[in-house]
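Counting in this note's numbering, the sequence shown runs from 110 upward without gaps.
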Amino acid sequence: MRRNTLNFTVDTLALIGMVAMAATGLVIRYTLPPGTGGREGGRALKLWGLSRHGWGDVHFWIAIGIAAMLLLHVFLHWQWAWKTVLRFFSTPTRFRQHLSPLASKVWGLGFFLFVAAVIAAFVWFAQSSVQVVNAQRPIATDVAASQPVAAADAPEQVDAVEPKKAIGRKGPAEQNEVVGRNEAEDHDETEDHIVAGVEIRGSMTLRAVATATGVDVEAIKERFGIPSRVSSDEQLGRLKRAYGFELSELRSFLSSQLKSPSPAPSSAEGMP
110 MRRNTLNFTV DTLALIGMVA MAATGLVIRY TLPPGTGGRE GGRALKLWGL SRHGWGDVHF
170 WIAIGIAAML LLHVFLHWQW AWKTVLRFFS TPTRFRQHLS PLASKVWGLG FFLFVAAVIA
230 AFVWFAQSSV QVVNAQRPIA TDVAASQPVA AADAPEQVDA VEPKKAIGRK GPAEQNEVVG
290 RNEAEDHDET EDHIVAGVEI RGSMTLRAVA TATGVDVEAI KERFGIPSRV SSDEQLGRLK
350 RAYGFELSEL RSFLSSQLKS PSPAPSSAEG MP
């Protein structure tokens with residue numbers, strides 16, 4: 110393949126990659142917006158068999174391909190780039206003429222190694238700088254849950270934490286009592302989640318909650334410190350982690366808003 114043909118092929122592939130990268134970015138941003146990947150129990154949307162996270166992988170590998178094409182482009186034009194750099198730094202003409210082709214190749218190899226080192230350093234720095242924010246669950250709870258249970262305490266914890274599994278070791282009368290208590294607890298827990306006849310779950314969006322309960326969206330945002338610019342189509346699970354509130358607090362607020370009496374309209378009494 111001639112050099113001109115090779116240069117044209119590389120540049121064409123780079124252009125196609127840039128267009129594809131822009132297209133996949135638009136898909137991730139607008140067609141499959143945040144919250145549609147199916148995580149955290151939310152709804153999952155797919156485009157041509159790929160979810161938002163799948164298109165994110167495609168977007169990433171297209172970026173890798175573009176970077177490879179650009180590096181290949183620099184490699185094919187290295188002699189021109191080398192002379193341009195020397196001219197840019199006002200290197201004497203006599204010095205430029207005495208530089209061997211081997212020197213330009215060594216500098217070219219050094220350039221590519223420098224680029225690889227910068228990328229590796231950035232990845233390492235990014236990984237070491239990751240921080241956990243908005244962690245609402247106490248650490249002690251997670252640590253206690255991960256520790257093994259002592260053999261002496263195991264029977265009591267089985268009865269206290271998992272009463273339904275311990276039913277088989279009780280008599281018929283005790284079994285009926287435990288079953289009734291479990292059903293009552295499940296019923297109470299479900300009722301605690303229901304506001305205005307709607308079960309409030311983390312997979313629901315803010316707009317859906319406002320529509321179902323009749324409480325204004327802006328009132329909910331103001332109560333829990335959610336900026337007004339945040340989309341009302343965000344899921345409650347994402348919002349409660351981002352702004353530090355619990356769904357139980359939201360349910361209590363909705364219930365209080367529904368119970369609070371609305372101001373009665375003033376009636377003007379006129380005399381004939």
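Backbone N, C-alpha and C define an ideal beta-carbon position, used for all residues, glycine too.
Secondary structure of residue i, DSSP reduced to three states
i	result
Leu154	coil
Gln240	coil
Val307	strand
Pro264	Note on Pro264: pLDDT 43, under 50, position unreliable in the model; no value is reported.
Val167	helix
Val224	helix
Arg138	helix
Val183	helix
Val232	helix
Arg350	helix
Val215	helix
Gly144	coil
Gly323	coil
Ile335	coil
Span separating the alpha-carbon of residue i from that of residue j
i	j	result
Met313	Val227	43 Å
Val239	Trp233	10 Å
Ile125	Trp170	13 Å
Tyr139	Val215	46 Å
Ala176	Val307	51 Å
Val324	Gly163	36 Å
Ala172	Leu345	33 Å
Met130	His168	6 Å
Phe354	Arg360	11 Å
Leu122	Ala132	15 Å
Ala57	Glu327	Because the chain spans 110 through 381 in this model, residue 57 falls outside it and cannot be assessed.
Met127	Asp166	15 Å
Ser365	Ile309	15 Å
8 Å contact criterion, which residue i and residue j should meet: CB distance rounded
i	j	result
Val119	Leu181	5 Å
Asn116	Leu185	6 Å
Leu135	Arg161	With 8 Å as the limit, Leu135 and Arg161 do not qualify as a contact, their Cβ atoms being about 13 Å apart.
Thr322	Leu367	7 Å
Ser337	Leu315	Between Leu315 and Ser337 the Cβ distance is about 12 Å, and since that is not below 8 Å, they are no contact.
Glu343	Gly144	6 Å
Lys330	Val339	7 Å
Gln236	Ser213	Contact doesn't hold; Cβ gap of about 35 Å is too wide.
Residue range of the unbroken alpha helix (DSSP H) whose run includes residue i
i	result
Glu327	326-332
Leu135	112-135
Glu358	356-368
Val194	187-197
According to DSSP, residues forming a beta bridge with residue i
i	result
Leu159	Leu156
Gln344	Thr314
Any C-beta of chain C under 8 Å from that of residue i
i	result
Ser237	Among the protein chains of the structure shown there is no chain C, as only one such chain exists.
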